[in-house]
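Q: Counting in this note's numbering, the sequence shown runs without a single skipped number right up to 168 at its last residue. Below you'll find the structure I mean.
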Amino acid sequence: ALGLGDDLRRYHMAAAMLRDLGVRSITLMTNNPSKVDQLRAEGIDVVRRVPHLVPPHALNRGYLEAKRARMGHMYELEALDPEDEPRVGDYDRLSLLDAE
């Protein structure tokens, strides 16, 4: 829609910061294989990838499917029980803060 590439982020600065901190190997939490590849290309040893578990629902399924199809993101997109799916305007269930 914006005419941009799928993911224009680069990780050379992150790799430089890790090297400056003396970090040579990491466990990376990501579903994006490009992050792993780019960090490895910069000399960071990604020894393990931990998946970011994102439950699909009606509001994000298309987005997750597009990321998997276009960029190789690693998702398991099993269906959830429809009762577990958040609804637009269901702010109590989507909020990260306790309303009390």
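Using N, Cα and C, we set each Cβ at its ideal position, and we do this for glycine too.
If you measure between the beta carbons of M139 and V118, is that distance less than 8 Å?
A: no
Q: Can you tell which of D105, S102, N100 and E110 has its C-alpha closest to the C-alpha of V91?
A: E110
Q: Going by beta carbon distance, what residues of the same chain come within less than 8 Å of N128, once the five residues before and after it are set aside?
A: V122
Q: Using only the alpha-carbon positions, how far apart do A84 and E133 sit?
A: 32 Å
Q: Taking only runs of the beta strand (DSSP E) that begin and end inside the region 75-113, which ones reach a length of at least 3 residues, in chain order?
A: 93-97
Q: Go ahead and label H141 buried or exposed: buried means 16 or more other beta carbons lie within 10 angstroms of its beta carbon, across all protein chains shown.
A: buried
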